[in-house]
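Visitor: Residue numbers for the sequence shown follow the working numbering, so the first one is 8 and each next one is one higher. Glycine included, each C-beta is placed from N, C-alpha and C at the ideal position.
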Amino acid sequence: MENEGLNEGLVEALRDSLSKMLGEVNTKTILYFITNEFHIDLKELSDRVADLHKAFVRIFGSRAAFLLENTVAKEFCNKLSQPYDPKETLCEVVERMRRGTWK
8 MENEGLNEGL VEALRDSLSK MLGEVNTKTI LYFITNEFHI DLKELSDRVA
58 DLHKAFVRIF GSRAAFLLEN TVAKEFCNKL SQPYDPKETL CEVVERMRRG
108 TWK
C-alpha cells in the first residue's frame, strides 16, 4: 500500500477512534498534545506509530493506551477493508498494511 494512503487512513482512524471514545473537544486536545508536546507530525504518523504509543502511555497510562490503540487498529483495518486481529498491536497492524500482507 502506498505510504501516503496508509498514513491518511491511519490519521482518519485515529481521529475517528478518539472522537468516538473521548468526544470532539477532547480529541482536539489530544491531537494538540500529540503534535505539539510529543512532536509527532500527523503527516508522518504511519512512520511514527511507536512514538504515538509512547505518547498514549504518557497521556493515558499503559492500560488505557492499550485499549485506545486497539480501537484505532480496529478502525484502521475497517477503513482498509482488512481483517482485524485483536492480538496484533497497532504497530503490527500498520506494518502488516505497509507490507501488504493480509491475513
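1) When DSSP labels each residue in this structure, what does His46 get in the three-state scheme?
2) Output needed for Ile37: all residues of its chain with C-beta closer than 8 Å, excluding positions within five of it in sequence on either side, in chain order.
3) I'd like to know if the stretch 44-62 and the stretch 92-104 are in contact, where contact means that at least 3 CB-CB pairs between them fall below 8 Å.
4) For Glu82, does the three-state DSSP call read helix, strand or coil?
5) Report the rounded CA-to-CA distance for Gly16 versus Lys81, giving the unit in angstroms.
Guide: Quick look at the numbers:
1) Here residue 46 is taken as the residue at index 39 of the sequence shown, counted from 1. Looking at His46 - three-state DSSP - the assignment turns out to be coil, as it is neither helix nor strand.
2) Working through the sequence shown from its first residue, we reach residue 37 at position 30. Cβ neighbours of Ile37 beyond the five flanking positions: Leu25, Leu29, Ile66.
3) Touching, yes.
4) For this step, residue 82 is matched to residue 75 along the sequence shown. The answer is helix: DSSP assigns Glu82 an H, G or I state.
5) Residue 16 sits at position 9 when you count from the first residue of the sequence shown. Residue 81 sits at position 74 when you count from the first residue of the sequence shown. Distance between the alpha carbons of Gly16 and Lys81 is about 12 Å.
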